[in-house]
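Notes follow the structure.
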Amino acid sequence: MSNQSNISKNKVINFGAGPGKLPEQVLQHVQKELLAYNNTGISILELSHRSIDFKNIVEEAQIILREILHIPDNYKILFMQGGGTGIFAAIPLNMMTTGTADYLVTGTWSDKAAKEAVKYGKVNLVLPQSTKYTEIPDPSTWKLDPNASYVYYCANETIHGIEFNYIPETNGIPLVADMSSNILTRSFDVSKFALIFAGAQKNIGPAGVTLVIVREDVLGQAMKICPIIFDFTIMANNNSIYNTPPVFQIYVVGLVFKWVKENGSVEGMEKLAIAKSQKIYDVINKSKNFYSCPVKSDVRSRMNVPFRIGKNDEKLENEFLSGASERGMLQLKGHRLVGGIRASLYNAVTIEEVEILAEYMMWFYQKYGKN
């Protein structure tokens, strides 16, 4: 980039890991309907969860999601509360029927899920325990328990930047996936899973609602101690409206589903995810170790790109972050557990915005990396 100082300071780019950027078209639509939703005369924020209007919002969101993810008819689509952390507990409470479960711990979020599940039964750690997450061990080394109720994994670890590019083979044991940060970014076979969940605040909406896609044969097995709010069967039987749901969040999620459908669907998002992440990894790879990503290349995330500068030079990293902020690029600071820089490239982040970051990275390298 010839003159980085000339980048407009009026336009900001949100590279935050979550809550992440929402599509501008969706925000504009929300703005239009905020004061009066769909000829009701009242705000969407005031809409009754028992109204026909809200029933239609839920059903339309389910229909569109079923279409764009090719979800079979024997799966229920739920909108739940409690965040991903709540679902960490809900999964064993609903599914740990044999008293044990397999957990593939590849980063902070799967580690948190495993630690929560221990409260309700035995957890078998399929992979050797680690403190540095930079790879996914080869499946030939996994130690699966044939008596496990389910196998759990996190499809994309946002903190460490590790992403599965395949669906784990479980030898017939029900598979559970946390897809909070990469759902709607790649095509996959839903029928391979017993349950998929995703906190909304990465790729599908604002914080406050959690998507659950659950196969019908999983229902009806909750432990007696399972709270009603976490009982998948009760939520499915009441179409997610057992109690007052997060009406506004579900409304926005439905608009995001529609936006995905109208902008190339999941297949289009997948192509963009590859192109966007490649632009950042290309700069890292060509920087002669000025930028470094610790994650092995075959499992590098398309959603969250963590990197360090100048052999973990915190002073230089702060200079990078300060310069990025001055140029309108926000929330690039790495997670406190790993430090450094992290660029989150969720669906709403455009390729043009990623190019601005890549150009800034090149400019910064040319200024500081060749001394």
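In this text, residue positions in the sequence shown follow this note's numbering: the first is 194, and each later residue adds one. A virtual CB, placed ideally from N, CA and C, is assigned to each residue, including glycine.
As assigned by DSSP and simplified to three states, the class of residue i
i           : result
residue 425 : helix
residue 369 : strand
residue 494 : coil
residue 314 : coil
residue 380 : coil
residue 550 : helix
residue 533 : coil
residue 499 : strand
residue 319 : coil
residue 392 : strand
residue 272 : strand
residue 435 : coil
residue 333 : helix
residue 328 : coil
residue 555 : helix
residue 523 : strand
residue 159 : Because the chain here runs from 194 to 564, residue 159 falls outside it and cannot be looked at.
residue 545 : helix
residue 303 : helix
residue 430 : helix
residue 230 : coil
residue 561 : helix
residue 309 : helix
Whole-Å CB distance - residue i paired with residue j, under 8 Å assumed
i           : j           : result
residue 458 : residue 273 : Not a contact, Cβ separation roughly 25 Å.
residue 594 : residue 271 : Since the first and last residues shown for the chain are 194 and 564, residue 594 lies out of range.
residue 498 : residue 300 : Between residue 300 and residue 498 the Cβ distance is about 14 Å, and since that is not below 8 Å, they are no contact.
6 Å Cβ shell around residue i - same chain, five flanking residues per side excluded
i           : result
residue 404 : 391
residue 291 : 340, 342
residue 268 : 406, 408
residue 585 : No statement about residue 585 is possible, as the shown extent of the chain runs from 194 to 564 and does not include it.
residue 487 : 327
Residue i, buried or exposed, once every other Cβ within 10 Å from all chains shown has been counted against 16
i           : result
residue 526 : buried
residue 243 : exposed
residue 491 : exposed
residue 467 : exposed
residue 420 : exposed
residue 330 : exposed
residue 469 : buried
residue 359 : exposed
residue 373 : buried
residue 265 : exposed
residue 464 : exposed
residue 510 : buried
residue 529 : exposed
residue 213 : buried
residue 199 : Caution is warranted here: a pLDDT of 43 is assigned to residue 199, below 50, making its placement in the model unreliable, and the coordinate value is therefore given only provisionally. Result: exposed.
residue 325 : exposed
residue 232 : exposed
residue 321 : exposed
residue 489 : exposed
residue 234 : exposed
residue 303 : buried
residue 311 : exposed
residue 395 : buried
residue 227 : exposed
residue 550 : buried
residue 236 : exposed
residue 544 : exposed
residue 229 : exposed
residue 256 : exposed
Range of the contiguous alpha helix (DSSP H) that encloses residue i
i           : result
residue 287 : 276-288
residue 513 : 507-519
residue 261 : 245-261
residue 462 : 458-478
residue 225 : 217-226
Span of the beta strand (DSSP E) around residue i
i           : result
residue 345 : 344-347
residue 297 : 293-297
residue 444 : Run containing residue 444: none in the beta strand (DSSP E); it sits in the alpha helix (DSSP H), 440-455.
residue 539 : Neither: residue 539 is in no beta strand (DSSP E) and is coded neither H nor E.
residue 406 : 403-408
Cutoff 8 Å; reference residue i; Cβ partners in own chain excluding five residues on either side
i           : result
residue 460 : 380
residue 218 : 452
residue 261 : 377, 450, 453, 454, 458, 459
residue 288 : 294, 342, 343, 367, 369, 387, 388, 411, 414
residue 364 : 337, 339
residue 524 : 207, 208, 209, 210, 537
residue 514 : 525, 526, 534
Spatial neighbours of residue i in its chain, beta-carbon cut-off 7 Å, leaving aside the 5 residues before and after
i           : result
residue 362 : 332
residue 385 : 360, 368
residue 196 : Summary for residue 196: the model assigns pLDDT 47, below 50, so the residue's position carries little reliability; its value from the coordinates is reported in the next sentence. For residue 196, where only same-chain residues beyond five positions count, there are no Cβ hits under 7 Å.
residue 319 : 295, 296, 297, 335, 336, 337
residue 480 : 558, 562
Check: residue i C-beta below 8 Å from any heavy atom of the ligand NAD
i           : result
residue 270 : This structure lacks the ligand NAD, and indeed carries no ligand of any kind.
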